[in-house]
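Student: Numbered continuously in the numbering used here, the sequence shown closes out at residue 226. The beta carbon of each residue, even a glycine, is placed where N, CA and C say it ideally should be. Before I ask anything, let me first share the structure, which is written out below as structure tokens.
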Amino acid sequence: MPQLNLILLGPPGAGKGTQAERLVDDFDLPYYATGDILRAAVKEESELGRKANEYMDRGDLVPDEVIIEVVVDRIDQTEAEDGFLLDGFPRNVEQAEALDGELKRLGRELTAALLIEAADDEVIRRLSGRRVCVKNSHLYHVDFDPPKREGVCDQDGSKLIQRDDDHPDTVKHRLEVYREQTSPLADLYDARGMLRRFDGARPTTEVHDHIRATLAVLRRESEL
Ligand code: AP5
Numbered sequence: 003m004p005q006l007n008l009i010l011l012g013p014p015g016a017g018k019g020t021q022a023e024r025l026v027d028d029f030d031l032p033y034y035a036t037g038d039i040l041r042a043a044v045k046e047e048s049e050l051g052r053k054a055n056e057y058m059d060r061g062d063l064v065p066d067e068v069i070i071e072v073v074v075d076r077i078d079q080t081e082a083e084d085g086f087l088l089d090g091f092p093r094n095v096e097q098a099e100a101l102d103g104e105l106k107r108l109g110r111e112l113t114a115a116l117l118i119e120a121a122d123d124e125v126i127r128r129l130s131g132r133r134v135c136v137k138n139s140h141l142y143h144v145d146f147d148p149p150k151r152e153g154v155c156d157q158d159g160s161k162l163i164q165r166d167d168d169h170p171d172t173v174k175h176r177l178e179v180y181r182e183q184t185s186p187l188a189d190l191y192d193a194r195g196m197l198r199r200f201d202g203a204r205p206t207t208e209v210h211d212h213i214r215a216t217l218a219v220l221r222r223e224s225e226l
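Here's what the structure looks like:
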């Protein structure tokens with residue numbers, strides 16, 4: 003089976019985490035979401051968490067040297083030999099170059115960059131209503147995808163919380179950071195013929211069907 007080495011790109015709130023949950027089931031890939039990894043480190047009060055905390059609360063990117071090592075370690079694991087799904091990395095050109103370097107060292111290459119697009123006002127609406135399961139990061143939205151019991155995760159019964167950086171002013175700052183530092187990566191991967199675009203404003207199931215179909219074609223093409 004050919005490798006599926008994938009990255010998810012898109013503004014905060016476009017639905018990267020929502021789609022990742024589904025794609026991981028479809029393609030049985032290890033999933034590395036740098037935001038989730040960093041939030042877990044903050045909760046554990048580990049050294050990584052202490053370094054990252056103040057940047058995350060402001061909606062800024064944590065320094066490259068802090069995050070690159072975390073990702074490089076993961077894709078070098080046996081579980082990622084047949085592929086991986088990276089969410090939230092790379093976030094700028096330096097991180098993209100670091101990923102290229104690591105994949106080259108491992109004799110591998112990226113299969114595709116999946117860009118989920120969404121407009122600013124939609125993102126703000128989504129993030130202000132997002133609720134996250136404290137235990138396994140399952141995602142809900144108070145209006146679009148509410149849990150059966152308010153404040154309780156349907157999947158594991160854990161408490162649902164609102165992320166500190168989902169308050170409207172911090173979301174606006176995250177969008178600025180995305181525009182300045184992350185959105186140039188779309189052109190970079192497009193120029194390499196690796197970019198696949200998806201309309202994140204469509205219903206969740208439609209976005210999922212579109213991504214899944216695209217990946218199935220990519221996998222078939224690489225088998226030929
Ligand atoms: P991170 O956790 O990566 O946040 P983000 O990129 O801002 O993305 P989000 O998780 O907020 O959004 P999402 O697109 O996954 O949307 P979701 O599926 O939840 O990063 C957080 C912080 O960590 C950063 O600010 C930074 O400080 C640090 N960091 C992380 N990586 C870093 C790196 N590489 N370098 C430096 N710093 C780094 O969906 C949102 C809501 O919308 C949900 O409620 C969902 O139910 C709903 N929804 C989703 N899809 C749909 C749909 N189609 N229709 C209607 N509702 C939908």
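1. Give me the Cα-Cα distance between residue 83 and residue 102, rounded to the nearest whole angstrom.
2. Going by the CB atoms, is the gap between residue 124 and residue 12 shorter than 9 Å?
3. Among residues of its own chain, excluding the 5 on either side of residue 177, which ones have a beta-carbon nearer than 7 Å to its beta-carbon?
4. Taking Cβ positions, are residue 132 and residue 168 nearer each other than 9 Å?
5. Does DSSP put residue 7 in a helix, in a strand, or in coil?
6. Count the other C-beta atoms from every protein chain shown that fall within 10 angstroms of the C-beta of residue 146, then say buried if there are 16 or more, exposed otherwise.
7. So, under 8 Å CB-CB, residue 175 and residue 60 are touching, yes? Tell me the CB distance rounded to an integer number of Å.
8. Quick one: what's residue 17 bridged to in DSSP?
9. Under the rule that 16 or more other beta-carbon atoms within 10 Å means buried, what is residue 153, buried or exposed?
10. What three-state label does DSSP hand residue 150 in the structure shown?
11. Quick one: residues in its chain with C-beta nearer than 7 Å to the C-beta of residue 55, no 5 flanking neighbours on either side, listed in chain order?
12. How far does the beta strand (DSSP E) with residue 114 in it extend, from its first residue to its last?
13. My output table needs one value for residue 175: the three-state DSSP class, helix, strand or coil.
14. Could you tell me whether the Cβ atoms of residue 63 and residue 70 are closer together than 9 Å?
15. Where do the ends of the beta strand (DSSP E) carrying residue 109 lie?
16. Tell me the rounded alpha-carbon separation between residue 94 and residue 184.
17. Based on the DSSP secondary-structure assignment, which residues constitute the bridge partners of residue 87?
18. Using DSSP bridges, identify the partner residues of residue 2.
19. Using a threshold of 8 Å, is the CB atom of residue 97 nearer than that to any non-hydrogen atom of the ligand AP5?
20. Following a CB-centred definition, is residue 237 positioned closer than 8 Å to any heavy atom of the ligand AP5?
21. So, using beta-carbon positions, are residue 25 and residue 8 closer together than 9 Å?
Tutor: Based on what the coordinates show:
1. Distance between the alpha carbons of residue 83 and residue 102: 16 Å.
2. With a cutoff of 9 Å on beta-carbon distance, residue 12 and residue 124 are scored as not near each other.
3. Correct list, in chain order: 13, 14, 122, 125.
4. In terms of Cβ geometry, residue 132 and residue 168 form a close pair [threshold 9 Å].
5. Three-state result, residue 7: strand.
6. With fewer than 16 Cβ atoms within 10 Å of its Cβ, residue 146 is classed as exposed.
7. For a cut-off of 8 Å, the C-beta gap from residue 175 to residue 60 is around 7 Å, short enough to register as a contact.
8. In DSSP, residue 17 forms no bridge with anything.
9. Exposed is the call here.
10. DSSP places residue 150 in the coil class of the three-state scheme, outside both helix and strand.
11. Cβ within range, chain order: 44.
12. Its beta strand (DSSP E) spans residues 114-119.
13. Helix, per DSSP.
14. No, the pair does not count as a contact, with Cβ atoms beyond the cut-off.
15. First-last for residue 109: undefined, no H or E at that position.
16. Whole-angstrom Cα-Cα distance: 5 Å.
17. Answer by DSSP bridge pairing, in chain order: 8, 33.
18. Any property of residue 2 remains undetermined from this structure, which presents the chain solely from 3 to 226.
19. It does: the Cβ of residue 97 is within 8 Å (strictly closer) of some heavy atom of the ligand AP5.
20. Any property of residue 237 remains undetermined from this structure, which presents the chain solely from 3 to 226.
21. Yes, the Cβ-Cβ distance between residue 25 and residue 8 is below 9 Å.
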